[in-house]
Structure formats: structure tokens, C-alpha cells
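Residue numbers (this note's numbering), protein chains in the order written: chain S, 45 to 207; chain C, 19 to 330.
Don't be surprised by glycine CBs; every beta carbon is placed ideally from N, CA and C.
Computed from a prediction, not measured in an experiment: that's the story for all the values here.
Inspection log for the structure reproduced underneath, given as C-alpha cells.
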Amino acid sequence: MDFLLRLEQLGFSEWIRESSSIFAFPTVLLLHTIGMGVAVGISAGIDLRILGIAAALPLAPMEKFIPLLWIGFWVNAATGVVLVIADATRTLTNPDFYVKMVFIALALINLRLLRNRVLRDPAIDKAPLSAQAKLLAATSLFFWLAAITAGRLMVYVGGRDIG
Amino acid sequence: MNPAHLHLVLNHFPTIGFAVGLGLLAVAIALKKDELKRASLVVFFLAALITIATYLTGNAAQASLGNRTDLSQAAIRTHEGAALWGFVLIEITGFMAWLGLWYFRIVRRAANWNVAAVFVLGIVTFSVMTRASNLGGEIRHPEIQSEQEGAPPDVSNVPDIARSIGLFVRGHSWVWPACKTLHLIGLSLLLTVVLMVDLRLLGMAKKLSFAALYQLLPLGILGFGMNLVTGMVFFIASPEQYVKNASFHWKIAFVILAGINALYFMLMEEPWAVGPGDDAPGFAKLAAVSAIFLWVGVLFFGHMLPFLGNAF
């Protein structure tokens, strides 16, 4: 608890938390929202394609969008760290925060499996998709949606009111 | 120009837009002209887009007229209830027209099911809306009331749909967080399509043709629909947060511009000629950059609602 308190009392944390500047809390959270939209959006696009939407859209070239997904992810990792330390005693003691982290970890493992086993499969656009591919797409969607929901609910269960 | 003025300007678009759209569609069906059907779908789409602003400015007008004793607050409330039903029907028609425009691109002709649905919805909507318009007119023009009625009817006990929704949202603590979460999911779905389609035009994943990627559009329509519904829940439950919030006005202006931008991709041939491996023409790239700019702008102003304004 002492450590969390010290994190929260850093000058930087106080500035993020208490500054009325639009570049402090609002901008960090804005970047967190955009990063979420990019990462989850691209992942959801690929997942839903695998699940049968836009069946004539070739899947293999969609791997090209994955680096952008990672940019969204790293933006969120960085802004996420800032948001967490700014409010360390509340976020790091909030069980919902750990639920969110678990779902993000699962989503990333899932993404790796999906890329290696589905998108990089040379036969992917030639044969019907396997049940395993569809299962991976469905779990990917589920993990991201769960992460968004857990993240949003942090505001309501023991978090800071951020709108 | 105050919100009441703006509402008085914008309130003509739904009725006139639907009248023109229905007229065009009737002629198009009679003459079996596909391009004319398409033109009427565009009219319905644009009318539905502008109606978002019409409805929202109505609440702003109501707020700015709230202390006027010469106007019947009951008449304003009846108009609001009728307008909300009209709004819902207009948006459903608009989404159907959007789907029709997209389908037009996929199969290169109008789909009968879609034209029939838009036509029927258009007629029902138009009649509901005419009532809303008349009720709106009665707020300031008592002379258009029929003579038998005499004094404005007492409507204080009439169930008021907007108020009921507001009470429901405020009475159930789970509704607001649930809608906020859905709003984030809708945003992600919409960004999926915006990013994939527009970044392709800008040079990413060039092996995919524009037409192949644009099959994802229904996802974007779904995301936009989710956010329109959940956004309206926030607005109806707590209009005071939004009607005087400059950030909100910008957000809505950007939504309308982004909707007009979406028409470019639906109507123009240029982007559709971009095949696998092709470089997109300059104007298509410009449209792609503006699409990303406008949607990120919508996200920006939505996000800044609590910080630049007074929303929570």
C-alpha cells in the first residue's frame, strides 16, 4: 500500500489526476479510447470475417492490418500505465482491473494463435475455414468485449468518475 | 441564432425530405428506373442524417423557451413525444436506405425488398411526422388548431415517452453503464470499417480490392446504429448535459459531415475501380483522409463532453 501511495503522490501522477489542463487526464484517456477502437476494431473485423461476414473478402492480406492493431495496443499499454499510476491506490486495489488484464492477456494469446494458425495458413483462402479457426475468432471477440466491459466498469466499481 | 431558430430551420428537412423522397420513389417504381430509386434512397439517407440535428435542437429550443409563460409547456411536451416517435421511424427508414445504397453497390441494381421496405416505412413515417410537425406548429400558431378543440387540450396526464425513458434510465442504475459499454463496442465496430477501408485506399493491405473490403460496411452500420440508440438514451435521460455543451454541437456536426462523406464511397465510381494491388486515385485518398479525420473528430468531441462541457 505504501508503494501505491508513493506512486500516486509522484508529481507526474498528481498532474495527470488534478491538472485542469486538457492535455492531462482528458488527452490520456482520449488516446486510450482511440487505441482501444483501433486494436479491438481491427481484431473484430478479422474475427467477424472468419465467422462468415463478407465471405468474398480474402483473409490472408488482412494480416497487413495487424501491425496497426499493435500500434493501438502499445498506445493503450502506455496510456494505461499512466492512468493506473495516477490513481494507483484505487486502480491497483480494484479486482475489476485484474479481470480486465486477464482478458487482455487472453486476447493477445488468442491473436497470436489466430495469426499463426489461421491467417498464415497458405490454404486459408482456398478451402472452407476450419472449426478451429471459427472457434478462435469467437473467443477473440469474446475476450476483447470482456476486456472493454471490464475496463468501462472500472469507472463504476471503485474507480474515478471519468464519464 | 438561438437553438429555437436553428430548430425552426432544421425542422423542415425531415418532412420536406421525406415528401421529396417518397415522390421520387413512387415515380421510380412506376417507371422502373433504378437510378431514380437510388436518388430517392440518397434523399432518405440525408433526411435521416439531418433529422438527428433536428431532434436534438428541439430539446435545446425547449430548454431556451422553458420560462416563457405565453407558450403552452404541455403543447411542447406533446410535440416532443410525437417527434420522438417520428425520429425513431425516420432513423429506421434512413438505415434501410443506407443498406439499400450499399446493396446497390454489391449487386448493381436496386433490391425489391429494400425498395418496398423503404417505401412502406417512408409512408408510415411521413404520417407520424406530419402529426409531430402540426403539434410543433401549435406551440406558436394556435390558429391552425381545429375550431372544435378551442383551448389547447390538457396533456399533463398524457404518458410522455421521452420522460418515461428518462425515468427508466435514472431509476435503474445498470442502464447508464451498460449503454456506455455498448457505446464503446459500437465505436470499435464503426472504426473497424473506417480504418480498414480508408487505410486500404491510402495504401495499406493493397492486395485487397476496395469492393472486397467494403463488404464490411454492415458492421459499420451496426456500430453506428448501436451508438445512435445508446447515444439517444443518454440524451433523452439527461438532455441538460448536452443541449448547451459546445463539444456536443461539434460532435453532431461531425457526425453529419461524416455521413455526407460516406455517400462519396457509396455513389462515386472512382474508389470502386480500385482493384487488388491498385493505387487509389488522389480524390479517393482525400475522401479517405477526411473520413478518418471526421470520425476521429466525432470520437474526440464525444470524449471531450465532460471536459470541455458539463457532461458526465
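Of all residues in the segment 307-325 of chain C, the ones placed with a Cβ closer than 8 Å to any Cβ belonging to chain S are V314, L317, F318, H321, M322, L323, P324 and F325, in chain order.
Residues of the segment 183-201 of chain S whose Cβ lies closer than 7 Å to any Cβ of chain C, in chain order: L189, I192, T193, R196, L197 and Y200.
Any Cβ of chain C closer than 8 Å to the Cβ of M80 of chain S would place that residue at the interface, and such an atom is present. Listed along chain C, the residues sitting closer than 7 Å to L74 of chain S by beta-carbon distance are F318 and H321.
The beta carbon of N279 of chain C lies closer than 8 Å to those of A305, S308, A309 and L312 in the same chain, with the five residues before and after it left out. At least one beta carbon of chain S lies nearer than 8 Å to the beta carbon of P195 of chain C. With a cutoff of 8 Å on beta-carbon distance, I108 of chain C and T143 of chain C are scored as near each other. Within chain C, the C-beta atoms nearer than 8 Å to that of T77 of chain S come from L202, L205, L317 and H321, in chain order. For M106 of chain S, the nearest beta carbon of chain C is closer than 8 Å to its own beta carbon. Proximity to V72 of chain S across S:W188, S:A130, S:P139 and S:L163 peaks at S:A130, based on C-alpha coordinates.
Straight-line measurement puts the Cα of L89 of chain C at about 51 Å from the Cα of M214 of chain C. The beta carbon of T33 of chain C sits closer than 8 Å to the beta carbons of F144, M147, T148 and S151 from its chain, once the five residues preceding and following it are set aside; these are given in chain order. For the set C:L202, C:R188 and C:S182, the Cα lying nearest the Cα of L189 of chain S is the one of C:L202. When secondary structure is reduced to three states using DSSP, I183 of chain C falls in the helix class.
Here A78 of chain C carries a helix assignment [DSSP, helix/strand/coil]. Close to L101 of chain S, with beta-carbon spacing below 8 Å, are these residues of chain C in chain order: L226, A230, L231, Q233 and L234.
Taking G39 of chain C as the centre and dropping the five residues before and after it, the same chain places the C-beta of S58, V61, F62, A65 and G140 closer than 7 Å to its C-beta, in chain order. In this structure, the straight-line span from the alpha carbon of F272 of chain C to that of P139 of chain S is close to 38 Å. Pairwise C-beta distances place the segment 182-202 of chain S in contact with the segment 147-154 of chain S, as three or more of them are shorter than 8 Å. Inclusion of V187 of chain C and V251 of chain C in the CB contact set at 8 Å is warranted, their separation being smaller than that value. The Cβ of P70 of chain S sits closer than 8 Å to at least one Cβ of chain C.
Rounded to the nearest angstrom, the gap between the Cα atoms of Q80 of chain C and G155 of chain C is 14 Å. Remark: C-beta atoms of R123 of chain C and M286 of chain C do not approach each other more closely than 8 Å.
Per DSSP, L119 of chain C is one residue of the alpha helix (DSSP H) stretching across Q91 to V125.
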